[in-house]
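My numbering puts the sequence shown at residues 5 to 429.
Note that beta-carbon positions come from the ideal geometry of N, C-alpha and C, so glycine has one too.
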Amino acid sequence: MKFLQHLLLIAPLTVALRLDRRGKVVYDGYKIFRVVPGINTTAFETHLESLEAIDLTHNHGHIGEEHFDIAVPPENLPAFEALNFASEVLSEDLGADIALEGEPAGYPEREVSASALPSLSWFSAYHAYADHLTFLKDIQSSFASNSELITAGRSFEGRDIQGIHLWGSGGKDSKPAIVWHGNVHAREWISSKTVEYLTYQLVANYNNDTTVKGFLDNYDFYILPIVNPDGFLYTQTSNRLWRKNRQTRSGISAVGTDINRNWPYKWDGEGSSTSPGSGQYRGAAAGDTPENTGIRTLGDQLADKKGIKLYVDWHSYGQYILTPYGYSCSAVAANQAKQDSLAKSLATAIAKPYGTRFTAGPTCATLYATAGGSNDYVTDINKAEYGWAIELRDTGRNGFTLPADQILPTGIEIWEGIKYLLANF
């Protein structure tokens with residue numbers, strides 16, 4: 005993504021972030037704006053470094069008007085407002101939005117039986133990283149005959165990238181794979197919670213819903229809720245808006261690489277950055293992050309076995325269902341018409357519970373260019389039939405800091421869509 009070209013790419017390096025007594029970044033008083041610069045994009049970009057604005061996202065205007073979502077620190081609000089660009093306020097206080105997420109809740113108690121499912125109250129709050137690992141262990145033990153815990157390599161700081169493999173009556177590794185992973189971008193907390201909710205529904209309903217049983221009997225599910233554990237943990241302890249992994253590099257002061265700009269396919273094109281300080285830094289070489297190596301190796305292995313039917317890289321925010329391709333706005337997958345039709349039908353199904361509207365279409369032509377992205381790699385290298393990225397709630401009011409009371413509704417609407425998708429391949 006060409007986020008505000010070079011000025012905004014280096015802006016995070018110049019921001020004098022404030023810390024609380026625990027050393028955690030404080031965003032109190034930051035105001036979030038959606039700016040529509042119109043024909044004045046270049047002029048808008050020239051001011052952003054001095055404003056010390058934090059980029060959140062940039063819609064390039066392929067559908068709707070081009071706009072930027074930015075967080076402006078309180079001391080620079082008068083200067084931003086004096087620029088007089090067309091804008092709307094998405095949040096009056098980013099710090100207050102983060103506070104509404106609440107502190108990580110304790111792990112909910114479950115029944116004493118080892119076969120009992122985790123409590124559904126898991127989806128009423130956000131939780132510490134260690135509790136996500138406990139959730140995986142508990143849901144696996146509740147479905148012990150048809151599941152196993154898996155790892156997909158290790159993170160830069162040495163944490164296992166943990167997940168779960170589910171299967172049906174045919175036995176493990178007997179069917180084409182469905183792969184889901186979340187939190188490749190650390191600040192997108194709703195993505196891991198949603199992946200866990202889908203896992204919960206598959207396990208909870210296998211023995212009492214013939215449709216769900218059919219899903220597991222027809223496919224092997226490989227589910228990795230948090231593939232960027234170092235970055236995710238950092239968002240909980242140090243900086244809520246951190247995006248990348250925590251990889252350090254010799255001679256470079258900036259920390260982190262965007263794991264989802266690091267896939268070794270169409271790596272060096274438009275839609276990533278060569279600047280280590282950028283949130284979209286693609287790395288020094290294609291595939292040089294340990295996290296990418298781990299999840300990529302898993303995908304390669306599955307492609308060589310029974311093949312990959314569906315690969316979804318879960319993100320937030322924006323409410324998009326993004327099909328190939330990200331590296332090009334003109335490239336077309338062999339089954340593009342089928343993919344786009346199915347994605348639009350998925351959006352219709354997602355809207356049923358609450359009316360939440362998703363936009364569906366090819367990544368570049370719908371939203372923005374992405375070089376070195378997951379869905380392009382799995383489509384062309386792994387030959388996945390469907391290689392998608394899905395951006396969850398919302399459209400900007402809360403953005404990355406989605407309140408905990410939206411975790412369960414997000415899961416419910418996405419499960420409604422996934423049931424349609426798995427029944428209509």
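Classification of P82 by the beta-carbon crowding that lies within 10 angstroms, buried from 16 upward: exposed
Sheet register partners of S91 (DSSP bridge): V39
Please state the DSSP three-state secondary structure of T61. strand
Opposing strand residues paired with I158 [DSSP bridges]: Sequence check: residue 158 is Arg here, not Ile. Per DSSP, D164.
Just confirm the distance between the C-beta atoms of T367 and G330, as a whole number of angstroms; I'd bet it's less than 8 Å. 4 Å
So who's on the other strand from W184, going by DSSP bridges? I227 and V316
Whole-number beta carbon distance between S196 and A408, since they are thought to touch under 8 Å: Contact flag wrong, Cβ pair sits at about 13 Å.
I25, buried or exposed, once every other Cβ within 10 Å from all chains shown has been counted against 16: In the sequence on display, residue 25 carries Arg and not Ile. The residue is exposed, with fewer than 16 neighbouring Cβ atoms inside 10 Å.
C-alpha gap between A337 and R114, whole angstroms: 45 Å
Where I354 sits in the DSSP three-state scheme: helix
Residue of V29, G255, A258 and S279 minimising C-alpha distance to R265: S279
The beta strand (DSSP E) with Y4 in it runs from where to where? Because residue 4 is not part of the residues shown, which for the chain are 5 to 429, the question remains open.
Quick one: residues in its chain with C-beta nearer than 6 Å to the C-beta of I418, no 5 flanking neighbours on either side, listed in chain order? T198
Helix, strand or coil at A109 [DSSP, three-state]: strand
In terms of residue numbering, what span does the beta strand (DSSP E) encompassing F72 cover? H71 to V76
Bounding residues of the alpha helix (DSSP H) (the contiguous stretch that carries A335): Where A335 is concerned, there is no enclosing alpha helix (DSSP H), given that its DSSP letter is neither H nor E.
For V382 versus A388, is the C-beta spacing smaller than 7 Å? yes
Which of the three DSSP states is assigned to L326 in this structure? strand
Could you give the residue range of the alpha helix (DSSP H) that holds T363? Not the alpha helix (DSSP H): T363 falls in the beta strand (DSSP E), residues T363 to P366.
Write down the C-beta distance between A156 and L228 rounded to the nearest angstrom, noting that I regard them as a contact closer than 8 Å. 6 Å
Determine, using beta carbons only, whether L94 and G400 come nearer to each other than 7 Å. yes
Do you know whose CA, among F84, W171, A373 and G235, lies nearest A56's CA? Note that residue 56 corresponds to Glu in the displayed sequence, not to Ala. If we check each option's Cα against that of E56, F84 comes out closest.
What separation, rounded to the nearest whole angstrom, lies between the Cα atoms of G421 and V188? 22 Å
Please decide whether D97 counts as near chain B, where near means a Cβ-Cβ distance under 7 Å. The structure shown contains no chain B; it holds only a single protein chain.
C-alpha gap between N2 and V316, whole angstroms: Coverage of the chain is limited to positions 5 through 429, which leaves residue 2 absent and any answer about it impossible.
Three-way DSSP call (helix, strand, coil) for L98 in this model: helix
Contacts around D221, its chain only, beta-carbon distance under 6 Å, and the 5 residues preceding and following it disregarded: G172 and S173
For the candidate residues A103, N249, D234 and V40, whose alpha-carbon lies nearest to that of I74? V40
Less than 7 Å separating the beta-carbons of P122 and D101? no
What would DSSP say about L430, mapped onto helix, strand or coil? With the chain running from 5 to 429 in the structure shown, residue 430 is simply not present.
Rounded to a whole number of angstroms, what is the C-alpha to C-alpha distance between G377 and G291? 11 Å
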